[in-house]
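Asker: My questions will all concern the structure given below.
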Amino acid sequence: MGADSMAMPSVPSRRRGHKVRVRVGLVVLVVCASMACQDRRSPVGPTMPESSNGTPSPRLAQEVRQQWSPYVGVQVTGEALEAYRDALARLARSGQLKGVRAEIRKSDPAGGARVIKAIASLGLELLGLIGNEYLFDQDIERVIDGIFATYPEIRYFQIGNEITTILPASGPTMTIEEYMAVFQRIYEHVQSRYPGRAVLLTQSTFGSGLHGPTELETMAALGLADMDPAKVIIAINDYNPNTAVQYVGLLGSTLRRHRVWVTETGVSNADTHVEYVQGGYRLLRNYLRAERVYWFVMWGGDSGAHSGYSLIKSPADYPNYWTSPLFQLLAAPQ
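The sequence shown lines up with residues 19 to 352 when you count with this note's numbering.
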C-alpha cells in the first residue's frame with residue numbers, strides 16, 4: 019500500500035487505545051464473572067425431544083425458527099447457481115430468509131456478479147463483502163467507485179473479512195493499523211461522494227478467544243468509535259458463542275452506540291445444526307446484542323470437499339441436491 023494509506027496512528031491515538039483496553043478489560047472481567055454464574059450451559063444446551071420418526075418435534079421446530087436469524091452466507095460459484103436459486107427461494111417462501119452475504123471477488127468479477135445479481139433477482143437483501151485483495155489497491159477510492167457502479171442494488175458493504183488472520187503468511191498481509199487507515203479512507207470517501215448511498219461494515223473480527231475482542235478494541239481506538247453509528251456496523255465472526263461474553267465490556271461502553279452483526283457462525287456437523295441454532299443464537303444475541311446472525315454457509319464446497327457447515331450439498335445434482343436437517347426444518351411449510 020502507499021505510504022499515505024498505511025499511516026500509523028498518532029501517539030495520542032495509541033495512548034487512547036491503551037486506556038480503552040485497561041478500562042474495557044476490567045469491565046469484561048466483572049461481566050464475565052457475573053454471566054458465568056447465570057449461564058454455565060453449553061451454547062447448544064439440551065434440546066427438546068424429537069418425534070418418534072426422528073424428525074424434530076413441533077415444539078422443537080417452533081423454538082428453532084424463533085431463534086433463527088433469516089440470513090445466510092453464499093459462496094459465489096456459478097456451478098451451484100441453479101441449486102442456489104431453488105434453495106434460497108424455498109427458504110424465502112417459508113419466511114426463513116431475508117438476506118444473503120456474498121463476496122465481491124477481485125479474482126472473478128464477472129462470474130461473481132452473475133451469481134450476486136441472480137440472488138438479488140429473488141428479492142433478497144444483499145450484504146456485499148468486498149474481498150481482502152481489493153484493500154491493497156493504492157487507489158481504494160477508485161475501487162469503491164467501480165464496485166458501487168457495478169452493484170447499485172447493494173446498500174450494505176463489508177470492507178474485508180478477518181483481515182489479520184485469514185491472509186496467507188506468504189503475503190501480502192495487513193496489520194489492523196493498516197486496515198483501519200484503509201477503512202478510514204473508504205468511510206470518508208463514501209460520506210463525501212455517496213451520502214446516504216451505503217452503510218459500511220467493518221472487517222469481521224474472529225470471535226473465539228481474546229484475539230477478536232483485542233483487535234476490536236484497537237479498531238475503536240483508531241477511529242471506529244468516532245464514526246457515525248448510523249453509517250457503520252460492527253461485524254464479528256463467532257463460532258463459539260460461549261466465549262462471546264468477552265466482547266460485552268467493549269460493546270457496552272466504547273462501542274455501545276454501534277449496531278453489531280454476526281457475519282459468520284455455525285457448526286461443522288450437520289447433525290447438530292439444529293441444536294446449535296436453538297442454543298447458540300440466543301447467546302450471540304445476549305452477549306453481542308447481535309441485530310443479525312448470518313449462518314455459514316449455504317454451500318461450502320467450492321474449493322474441494324463439502325463443508326460440514328453447508329445447508330445444501332451436491333448442488334450439481336439439482337434438483338436432487340442434499341439438504342441438511344436444519345434446512346429441511348426451516349424450509350418446511352408452516
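Yeah, the Cβ is synthetic: ideal placement off N, Cα and C, and Gly gets one too.
Residue 114 and residue 348 - do their beta-carbons sit closer together than 7 Å?
Answerer: Against a cut-off of 7 Å, the Cβ pair of residue 114 and residue 348 comes out as a contact.
Asker: For the 8 Å Cβ check, are there 3 or more pairs between the segment 85-103 and the segment 333-341?
Answerer: Yes, the segment 85-103 touches the segment 333-341.
Asker: Leaving aside the five residues before and after residue 350 along the sequence, list all residues of the same chain whose C-beta is less than 6 Å from its C-beta, in chain order.
Answerer: Once the five neighbours on either side are set aside, residue 350 has no close Cβ partner at all.
Asker: For residue 174, which residues in the same chain have their Cβ closer than 6 Å to its Cβ, ignoring the five residues on either side in sequence?
Answerer: Hits under 6 Å: 145, 217.
Asker: Near residue 331, what residues of its chain come up, given a Cβ to Cβ distance below 6 Å and the 5 sequence neighbours on each side ignored?
Answerer: Closer than 6 Å at Cβ, skipping near neighbours: 324, 340.
Asker: Could you give the DSSP three-state label for residue 123: helix, strand or coil?
Answerer: Here residue 123 sits in coil by DSSP.
Asker: So residue 251 is in the beta strand (DSSP E); what residue range does that whole segment cover?
Answerer: Segment 250-255, the beta strand (DSSP E) holding residue 251.
Asker: Going by other Cβ atoms of all chains shown within 10 Å of its Cβ, with 16 needed for buried, is residue 152 buried or exposed?
Answerer: So residue 152 counts as buried.
Asker: Give a yes or no on contact between the segment 115-131 and the segment 81-97, applying the rule of three or more CB pairs nearer than 8 Å.
Answerer: Enough Cβ pairs lie closer than 8 Å, so yes.
Asker: Tell me which residues share the same chain as residue 305 and place their Cβ nearer than 8 Å to its Cβ, disregarding the 5 neighbours each side in the sequence.
Answerer: Once the five neighbours on either side are set aside, the close Cβ partners of residue 305 are 53, 259, 262, 263, 265, 266.
Asker: Where does residue 176 sit, in a helix, a strand or coil, going by DSSP?
Answerer: If DSSP states are grouped into helix, strand and coil, residue 176 belongs with the strands.
Asker: Got a sec? Which residues, its chain only, sit under 8 Å from residue 286 by beta carbon, not counting five neighbours each side?
Answerer: Excluding positions up to five away in sequence, the list reads 325, 326, 327.
Asker: Using the C-alpha atoms, what's the distance from residue 180 back to residue 191?
Answerer: Answer to the nearest angstrom: the Cα atoms are 11 Å apart.
Asker: Which residue's Cα is closest to the Cα of residue 236: 121, 223, 213?
Answerer: For residue 236, the nearest C-alpha among the options comes from 223.
Asker: For residue 136, which residues of its own chain have a beta-carbon under 8 Å away from its beta-carbon, when the five flanking residues on both sides are left out?
Answerer: Counting only Cβ-Cβ distances below 8 Å, and skipping sequence neighbours, we find 99, 102, 103.
Asker: Is the distance from the Cβ of residue 133 to the Cβ of residue 82 below 7 Å?
Answerer: No, Cβ-Cβ distance for residue 133 and residue 82 is not below 7 Å.
Asker: What does residue 285 pair with, by DSSP beta-bridge criteria?
Answerer: Per DSSP, none; premise fails for residue 285.
Asker: For the segment 267-280 against the segment 194-209, do three or more pairs of beta-carbon atoms, one drawn from each stretch, fall closer than 8 Å, so that the two count as touching?
Answerer: These segments do not touch.
Asker: With distance defined between alpha-carbon atoms, name the residue in 187, 213, 220 nearest to residue 198.
Answerer: Of the candidates 187, 213, 220, the one whose C-alpha sits nearest the C-alpha of residue 198 is 220.
Asker: Considering only C-alpha positions, which residue in the set 123, 128, 141, 168 is nearest to residue 148?
Answerer: It is 123 whose Cα lies nearest to the Cα of residue 148.
Asker: Among 131, 139, 130, whose alpha-carbon lies nearest the alpha-carbon of residue 107?
Answerer: For residue 107, the nearest C-alpha among the options comes from 139.
Asker: Give me the Cα-Cα distance between residue 112 and residue 143, rounded to the nearest whole angstrom.
Answerer: Cα to Cα, the separation comes out at about 16 Å.
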